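In terms of our numbering, the sequence shown opens at residue 182 and continues consecutively.
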Amino acid sequence: MDDFIIIGGGIAGISAAARLSEHGTCRVLEREVHLAYHSSGRSAALYEENYGSPSTIALAKAGRADWDDFLDGVLSPRGFMLLCLRGEETQFDADRRHMDLTEISMAEAQARVPILNLQEVLRAACSTTAQDIDTDMMLQRFAKLLRRNGGVIETHQSVQAIQKIAGGWQVTCQEQTFKARRLINAAGAWGDEIAALAGLAPIGLTPMRRSVARLAAPGGHDPSTWPMLFGPGERWYAKADAGALIVSLAEETPCPPMDAWPDDQDLAEALARYQDYVTEEVTRPISSWAGLRTFAPDRNLVLGAAPQEESFIWAVGQGGYGFFTAPAASQLVAASALGRKPQLAAEIVAQLSPARFVA
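Here it is as structure tokens:
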């Protein structure tokens with residue numbers, strides 16, 4: 182019997198497993214043929230400490246030491262620029278204040294992003310602290326730690342049944358059965374389904390699709406040094422990626438747990454919104470994809486032991502902030518699984534605890 186079984190091989194599961202591997206035997210069960218197949222492998226992955234809900238921001242700041250040490254080299258400079266058309270001033274000002282952005286002149290904005298249409302874009306604000314996350318490097322850094330400590334990653338293991346047994350849990354996959362003292366549910370969009378198999382009440386998770394289009398570098402420019410661009414209210418975003426530009430409507434379309442595919446209408450709307458801000462004509466996308474961002478009802482992450490069963494640990498509801506929060510979130514999950522006092526402030530732990538959903 183292992184000490185810990187972690188269901189889910191995205192960043193939430195692998196980072197939690199890496200932490201726990203320092204305290205006992207760990208086994209990760211991933212239903213796909215490789216890690217990070219779903220949301221973790223389709224993330225735009227930006228690190229900006231002042232982005233998100235209060236609990237998300239608290240997690241980001243709590244993980245800062247890891248970014249500077251264990252995850253050194255995973256972050257690289259990117260920057261962040263919020264843009265405003267006529268009629269968007271109220272939302273622009275609200276976003277600027279919430280994210281503590283610095284307003285800059287339009288001349289400075291165009292110097293940073295030369296394709297901005299100054300006949301339409303009236304205002305701009307930026308942060309120079311936002312950074313890109315090398316998601317593959319980060320995932321592999323945690324996976325390497327897990328394996329170094331004797332942890333095992335089992336791919337192509339779709340969970341079929343979960344049974345509470347004396348001293349722990351039995352997890353049945355297609356052809357194999359595994360046992361562990363504690364079970365960590367990091368199954369992303371399938372989190373409620375895993376809970377149901379374990380005989381526990383669901384959280385009420387909602388997977389939401391987000392579609393992304395990849396465009397050739399506009400007008401022959403090299404976008405590699407451009408900041409990530411956002412419209413007010415996150416109505417769209419654009420970000421340099423591997424010599425091209427990815428553009429998204431930043432939509433949140435409820436969707437069942439699945440291997441998501443992009444919606445053509447959402448892609449068209451994203452490109453139309455982006456087009457309003459730039460001078461270069463939008464070209465046909467090189468490629469497109471979609472991912473699921475899974476939210477709890479209150480849009481905070483769900484991290485910690487189930488109130489009905491302390492040996493069942495939730496690590497779900499990342500809502501697109503999985504990489505951003507993983508250093509501190511994995512520490513909280515590990516503390517919960519080990520029965521130790523978390524390092525986070527008590528009010529933040531309460532905002533993240535699954536106990537908040539118990540009437």
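Backbone N, C-alpha and C define an ideal beta-carbon position, used for all residues, glycine too.
Everything numeric in this text was worked out from a predicted model, so none of it was measured.
Near residue i, which residues of its chain fall below 8 Å by C-beta distance, leaving aside the five closest residues on each side in sequence?
i    : result
T358 : Q351, V352
M182 : G348, G349, K360, A361, R362
S392 : S429, L430, E432, P443, D444, D447, L448, A451, S469, W470, A471
I384 : G372, D373, A376, A477, P478, V483, W495, V497, G498, P535, F538
Pull up the distance between the alpha-carbon of residue i and that of residue j, whole angstroms please.
i    : j    : result
H402 : G501 : 29 Å
G222 : V539 : At G222, the pLDDT of 47 sits below 50, so the modelled position is not reliable and the matter cannot be decided from this model.
C307 : P437 : 36 Å
D184 : E491 : 14 Å
D237 : A382 : It should be pointed out that residue 237 corresponds to Thr in this sequence rather than to Asp. C-alpha separation (whole angstroms): 24 Å.
V483 : E461 : 42 Å
G372 : I365 : 10 Å
I188 : W495 : 10 Å
M262 : D281 : 12 Å
I343 : L210 : 13 Å
D249 : I529 : 23 Å
M409 : L513 : 30 Å
A239 : A311 : 16 Å
K242 : E230 : 6 Å
W417 : E356 : 44 Å
A193 : Q321 : 13 Å
R259 : G424 : 14 Å
T506 : E289 : 31 Å
G520 : L201 : 12 Å
T434 : M389 : 5 Å
S532 : P523 : In the sequence on display, residue 532 carries Gln and not Ser. If you take the alpha carbons of Q532 and P523, they lie about 13 Å apart.
R212 : R267 : 47 Å
Consider the C-beta atom of residue i and the heavy atoms of the ligand GDP; say whether any pair is separated by less than 6 Å.
i    : result
K242 : Absent from the structure shown: the ligand GDP. Ligands present: none.
Grab me the residues of residue i's own chain with a C-beta within less than 6 Å of its C-beta, minus the 5 sequence neighbours each way, in chain order.
i    : result
A226 : I314, T316, F504
L426 : L396, P404, A419
V333 : R208
P508 : G244, D247
D276 : L263, P413
V294 : W407
V463 : L452, Q456
E269 : P413
For residue i, list the residues DSSP reports as bridge partners.
i    : result
K141 : Residue 141 is absent from the structure shown; the chain starts at 182 and stops at 540.
L210 : I188, E335
P435 : M389
M409 : F261
F476 : T387
F359 : V352
L452 : Note: L452 sits in no beta bridge, so no partner.
N366 : I188, W495
V530 : Answer is none; V530 lacks a bridge partner.
G485 : W495
W470 : V393
Y228 : Q312
A342 : T353
Output needed for residue i: all residues of its chain with C-beta closer than 7 Å, excluding positions within five of it in sequence on either side, in chain order.
i    : result
R328 : none
A421 : P404, S405, W407
E203 : N330
A197 : I187, I365, A367, A496, S511, V514, A515
S549 : Outside the shown range of the chain (182 to 540) lies residue 549, about which nothing can therefore be said.
I195 : V209, L216, L320, F323, A324, L327
C354 : L210, Q338, S339, V340, Q341
If I'm right that residue i touches residue j with Cβ under 8 Å, what's the distance once you round it to whole angstroms?
i    : j    : result
A486 : S511 : At roughly 15 Å, the Cβ-Cβ gap does not stay under 8 Å, so A486 and S511 are not in contact.
F273 : P413 : 4 Å
T309 : V214 : T309 to V214, Cβ: 39 Å. No contact.
G369 : G254 : Wrong, their Cβ atoms sit about 26 Å apart, outside the cutoff.
P399 : V302 : Wrong, their Cβ atoms sit about 15 Å apart, outside the cutoff.
T475 : L378 : With 8 Å as the limit, T475 and L378 do not qualify as a contact, their Cβ atoms being about 17 Å apart.
Answer with yes or no whether the minimum CB distance from residue i to chain D is below 7 Å.
i    : result
I467 : Annotation note: the requested chain D is absent from the structure, which comprises a single protein chain.
Practice task
Identify every run of the alpha helix (DSSP H) within the region 489-523, keeping only runs that are complete inside it and at least 4 residues long; order them along the chain.
Solution key: 503-519
Practice task
Give, in chain order, every unbroken run of the beta strand (DSSP E) that is at least 3 residues long and sits entirely within the region 282-309.
Solution key: 283-285, 302-308
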